[in-house]
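Enquirer: Pasting a structure below so you can have a look.
There are 2 protein chains.
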Amino acid sequence: MTTRPAFIFDLDGTLVDSVYEHVLAWQEALNSEGIELAVWRIHRRIGMSGGLFTHQLLRETKLEITPERIERLNHLHAKAYQNFRGMIRPLPGARELLDTLTRAGIPWAIATSGRMETAAQNLAALGVTPETNVVVTRDDVKYAKPDPDLFVAAAARLNAPIIDSVVVGDSIWDLLAAQRCHALGVGLLSGGYGLGELERAGAYRVYDDPADLLYHLDEVGGRR
Amino acid sequence: MTTRPAFIFDLDGTLVDSVYEHVLAWQEALNSEGIELAVWRIHRRIGMSGGLFTHQLLRETKLEITPERIERLNHLHAKAYQNFRGMIRPLPGARELLDTLTRAGIPWAIATSGRMETAAQNLAALGVTPETNVVVTRDDVKYAKPDPDLFVAAAARLNAPIIDSVVVGDSIWDLLAAQRCHALGVGLLSGGYGLGELERAGAYRVYDDPADLLYHLDEVGGRR
Chain A
0 MTTRPAFIFD
10 LDGTLVDSVY
20 EHVLAWQEAL
30 NSEGIELAVW
40 RIHRRIGMSG
50 GLFTHQLLRE
60 TKLEITPERI
70 ERLNHLHAKA
80 YQNFRGMIRP
90 LPGARELLDT
100 LTRAGIPWAI
110 ATSGRMETAA
120 QNLAALGVTP
130 ETNVVVTRDD
140 VKYAKPDPDL
150 FVAAAARLNA
160 PIIDSVVVGD
170 SIWDLLAAQR
180 CHALGVGLLS
190 GGYGLGELER
200 AGAYRVYDDP
210 ADLLYHLDEV
220 GGRR
Chain B
0 MTTRPAFIFD
10 LDGTLVDSVY
20 EHVLAWQEAL
30 NSEGIELAVW
40 RIHRRIGMSG
50 GLFTHQLLRE
60 TKLEITPERI
70 ERLNHLHAKA
80 YQNFRGMIRP
90 LPGARELLDT
100 LTRAGIPWAI
110 ATSGRMETAA
120 QNLAALGVTP
130 ETNVVVTRDD
140 VKYAKPDPDL
150 FVAAAARLNA
160 PIIDSVVVGD
170 SIWDLLAAQR
180 CHALGVGLLS
190 GGYGLGELER
200 AGAYRVYDDP
210 ADLLYHLDEV
220 GGRR
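Sequence lines, in order, name chains A and B. Counting in numbering that gives the first Met the number 0, the first sequence runs without a single skipped number right up to 223 at its last residue. Counting in numbering that gives the first Met the number 0, the second sequence runs without a single skipped number right up to 223 at its last residue.
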């Protein structure tokens, strides 16, 4: 009896090089609302549910939490992120990694805390089409990361048991969510977290980027 | 016999919130030269000597290293960074920390790998004037971080022994340079490195940002 794990990937910072642009887009959105927050603190929250993110910020900055303000912040962020349109590129090895899995018959999916509205341009840069590949976004589940719903939904659509799946992500929210659903979490440094942060959040292994994961695919069950 | 340490601060990411803007400015400069590099890899090199930085990049990307190309990259970076003019703010607690040291009669200086050309707007945001405060820049020394020259020069100008000085920085280059000159390195997370990375580079203590360091100043010899 052997198990051949399915692979479930986060998108921003894991397959596409978009984290720093998201960070500065959030800063611009927050500044427009008169909220000053150091950039590194925004960075450390990228990848978690946008709703949780804005709720936490408003709580910390003691500003009033209204649905209108949260809606406005999300809209300002999406608008600021559009300024980076055309500058977002796949991370080294991302396309090759997905192609390798496809050729080897290993099921894979993408599960992102973002909405299809912002994810679409990144998927296009990656050559992934939601019509032929399994892509789960914020629009498909009630709760995003660090809740495990996105990963559970992705495994279900792959018809693979989540507890035999490998979840690949660059943020601690991916790894915490992976633990919540008993998947194996693999960290990538390409989102700008440090190795120790990812290990403390439960990473089974940590690699530099998709190219480095592809090179070591056999270590995490990606038998070709 | 008691020693009262002098404090030597890095600038970007340590006192002003400018690292992420420098990162994207470098990416823009590199892209203009046709050099594609993942953003997190640029982030991890911020704070080191600009000359070393560009030399390393050109070596890794196997591009020809010419003085003209390095000069052009440095110019493109400075130009792209200018686009963030007016958006750069002091980190929380930075001004209060410097004021507290001044009031307590504890000598302090700023030592940055940047040139005065780019540092000037950050010093202005911080309310520091090179006429009345000790500021050492890339223009004053032969080698920047991770060489210790900047810190050694700053201590000399403070008339303080470098081996009794506390060097405060957000990047591993600050901490490696501090070790090179036997100063005590204190790390701050406000530049976006992880705690483990700073500790591995030799940090004696790590704090969130200048406000957190101010709160714990007695732990590192800042007796008021």
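Note that the Cβ used here is the ideal one computed from N, Cα and C, for glycine as well.
(1) Would you mind stating whether E3 of chain A and R222 of chain A have Cβ atoms separated by less than 8 angstroms?
(2) For the stretch 32-44 of chain B, enumerate the residues whose C-beta is nearer than 8 angstroms to any C-beta of chain A, in chain order.
(3) Determine the contact status of V167 of chain A and A153 of chain A, defining contact as a CB-CB distance below 8 angstroms.
(4) Beta carbon of A143 of chain A, beta carbon of L174 of chain A: below 8 angstroms?
(5) Alpha carbons only, please: which of B:D217, B:D207, B:G220, B:W25 is nearest the one belonging to G92 of chain B?
(6) If you reduce the DSSP assignment to three classes, tell me which class F6 of chain A lands in.
(7) Can you list the alpha helix (DSSP H) stretches of 4 or more residues lying completely in the stretch 64-107 of chain A, in chain order?
(8) For S170 of chain B, tell me which candidate among B:T65, B:W25, B:M47 has the shortest Cα-Cα distance.
(9) Starting from Y203 of chain A, find everything on chain B with Cβ-Cβ shorter than 9 angstroms and list it in chain order.
(10) With a CB to CB cut of under 7 angstroms and the five nearest residues on each side skipped, what residues in its chain are close to A28 of chain B?
(11) Name the chain A residues that come within less than 7 angstroms of P282 of chain B, Cβ to Cβ?
(12) When you compare the CB positions of P106 of chain B and A159 of chain B, do they come within less than 8 angstroms of one another, or not?
(13) Tell me the rounded alpha-carbon separation between L183 of chain B and I109 of chain B.
(14) Go ahead and label L49 of chain B buried or exposed: buried means 16 or more other beta carbons lie within 10 angstroms of its beta carbon, across all protein chains shown.
(15) Pick out whichever of A:E95, A:S112, A:T60 has its Cα sitting closest to the Cα of G12 of chain A.
(16) Compare the C-beta of G85 of chain A with all C-beta atoms of chain B and state if any pair is closer than 8 angstroms.
(17) When the Cα atoms are used, what is the spatial distance from V22 of chain A to L23 of chain B?
(18) What is the DSSP secondary structure of V127 of chain A, counted as helix, strand or coil?
(19) Could you spell out the range, first to last residue, of the beta strand (DSSP E) harbouring Y206 of chain A?
(20) How would you write the range of the beta strand (DSSP E) that V15 of chain A sits in, first residue to last?
(21) Give the DSSP-derived three-state secondary structure of I109 of chain A in the structure shown.
(22) Smallest Cα separation from L125 of chain B: which of B:L97, B:M115, B:D148, B:F150?
(23) Name, please, each residue of chain B whose Cβ falls closer than 7 angstroms to the Cβ of D208 of chain A.
(24) Name the two residues that bound the continuous alpha helix (DSSP H) containing G50 of chain A.
(25) For the ligand MG, I want to know if G195 of chain A counts as a neighbour, meaning its beta carbon is within less than 7 angstroms of at least one of the ligand's heavy atoms.
(26) What does the alpha-carbon distance come out to for the pair L100 of chain A and R43 of chain B?
(27) Output, in sequence order along the chain, the residues in the stretch 183-197 of chain B whose CB is closer than 7 angstroms to any CB in chain A.
Expert: With the given structure in hand:
(1) Here residue 3 of chain A is Arg; the residue named in the question, Glu, does not match the sequence. Between R3 of chain A and R222 of chain A, the C-beta gap is smaller than 8 angstroms, which places the two residues in contact.
(2) So the close ones are E35, A37, V38, W39, H42.
(3) no
(4) no
(5) B:D207
(6) strand
(7) 66-81, 93-102
(8) B:M47
(9) Going along chain B, no residue has its Cβ under 9 angstroms from Y203 of chain A, so there is no contact; the nearest lies around 17 angstroms.
(10) L72, L75, H76, A79
(11) Residue 282 of chain B cannot be examined here, being either before or after the span of chain B that is shown, 0 to 223.
(12) yes
(13) 15 angstroms
(14) For the sequence presented, residue 49 of chain B should be read as Gly rather than Leu. That one is buried.
(15) Of all alpha-carbon atoms in A:E95, A:S112, A:T60, the one lying nearest the alpha-carbon of G12 of chain A is that of A:S112.
(16) Answer no: the Cβ-Cβ gap between G85 of chain A and chain B never drops below 8 angstroms.
(17) Cα to Cα, the separation comes out at about 11 angstroms.
(18) coil
(19) Y206 of chain A -> beta strand (DSSP E) spans 204-206.
(20) Counted as a single uninterrupted DSSP element, the stretch harbouring V15 of chain A is not any beta strand (DSSP E), since DSSP gives it neither H nor E.
(21) Of the three classes helix, strand and coil, the one that applies to I109 of chain A here is strand, per DSSP.
(22) Out of B:L97, B:M115, B:D148, B:F150, the CA that lies nearest to the CA of L125 of chain B is found in B:L97.
(23) A37
(24) 49-59
(25) The model depicted lacks the ligand MG and carries no ligand whatsoever.
(26) 30 angstroms
(27) Residues passing the 7 angstroms Cβ filter: L188, S189, G190, G191, Y192, G193, L194, G195, E196.
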